[in-house]
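These notes concern the structure reproduced below.
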Amino acid sequence: MELLIPLVVVGARLIVPLFIGAYPLPAILAAMVLDGIDQTVFAATIGGDLSWYQTYDKALDIYYLAIAYVSTIANWGDGIAFATGRFLWYYRLIGVALFESTGARWILFVFPNTFEYFFDVIEGIKVAWNPFRIAARWIIGIAAFIWIFIKLPQEWWIHVAQLDATDFIKEELFGVPADSSWTEAVAANPMVVVVAAVALAVLGLLGWWVVTRRLPPADRPFTLDADAQQPPVDKVAIKRRRD
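Residue numbering for the sequence shown follows the working numbering, beginning at 1305 and increasing consecutively.
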């Protein structure tokens, strides 16, 4: 019975990415959540030596990101966004191969997984706008910002410093030992939860203001369906090309 939950998590990591092609944004976000929680689930259920986890995790990372990359081939067309995503995907793939060959964790810092967040941003724009009209310099700027200010610190935290976010939150924010339960952590310092809830509410309101007041009008109704996000077919242009 203790293996049921880990098996469900592993099964979810295999099944959820299969929906990325049809529903890119919710499926990739769900895959990322599963990627973030599975080690904690394994530690809490099966315990023991988890030295195998790094190889398992990288294999399933490549699995769902490969599906995401294939979806860009089907859904993004042949433009600067696709070319940038293709470079970021293969660049990370080289890094993972080198890491698996050498075991040197710093390689994953040099070859950060920028593709994943770049994919998220483009698919986030696609829910109501056409991101493929954005100027090339802005597309490159998005990728560079993610690479430098998000992924490099994250990769350093995880693979070079080898810090655990859960332990850090419990020890530094809640002020309890890392092996304490979340119930004990919240009871020891409930104001952390209050501050976090207020911060999330403020960010949510700020995001809503940006979307409703600062962004240009949507190109189409909101949709998470990749097929519905495709631009309408210009039948006149197609007829001209055939003629």
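A virtual CB, placed ideally from N, CA and C, is assigned to each residue, including glycine.
Quiz item: How big is the Cα-Cα spacing for Asp-1531 and Pro-1330?
Solution: Going from the Cα of Asp-1531 to the Cα of Pro-1330 covers about 14 Å.
Practice problem: Please determine, among Glu-1488, Ala-1385, Leu-1507 and Val-1498, the residue with the shortest C-alpha to C-alpha distance to Glu-1569. | Solution: It is not possible to answer for residue 1569, since the shown part of the chain is limited to 1305 through 1547.
Quiz item: Going by the beta-carbon positions, is the gap between Asp-1418 and Tyr-1395 smaller than 9 Å?
Solution: Checking the displayed sequence, the identity of residue 1418 turns out to be Thr instead of Asp. In this structure, the beta-carbon distance from Thr-1418 to Tyr-1395 falls below 9 Å.
Quiz item: Does the beta-carbon of Asp-1538 have 16 or more other beta-carbons within 10 angstroms, so that it is buried, or is it exposed?
Solution: At Asp-1538 the pLDDT is 43, less than 50, meaning the model places this residue with poor confidence; the figure from the coordinates comes in the next sentence. Exposed.
Practice problem: Note the first and the last residue of the continuous alpha helix (DSSP H) segment covering Arg-1390. | Solution: 1384-1406 is the span of the alpha helix (DSSP H), which, as asked, contains Arg-1390.
Exercise. Mind checking which residues open and close the alpha helix (DSSP H) that includes Asp-1361?
Key: Counting along the chain, the alpha helix (DSSP H) containing Asp-1361 begins and ends at 1357-1379.
Self-check item: Buried or exposed (CB count within 10 angstroms, at least 16 for buried), Asp-1471
Solution: The residue is exposed, with fewer than 16 neighbouring Cβ atoms inside 10 Å.
Quiz prompt | Residues near Val-1464 in its chain [Cβ-Cβ closer than 8 Å; skip 5 each side] | solution = Counting only residues of its own chain and dropping the five nearest sequence neighbours on each side, Val-1464 has a CB closer than 8 Å to the CB of Arg-1409, Trp-1410 and Phe-1413.
Exercise. Take the Cβ of Arg-1441 as the centre, count every other Cβ of all protein chains shown within 10 Å, and call the residue buried at 16 or more, exposed below.
Key: By the neighbour-count rule (16 or more Cβ atoms within 10 Å), Arg-1441 is not buried but exposed.
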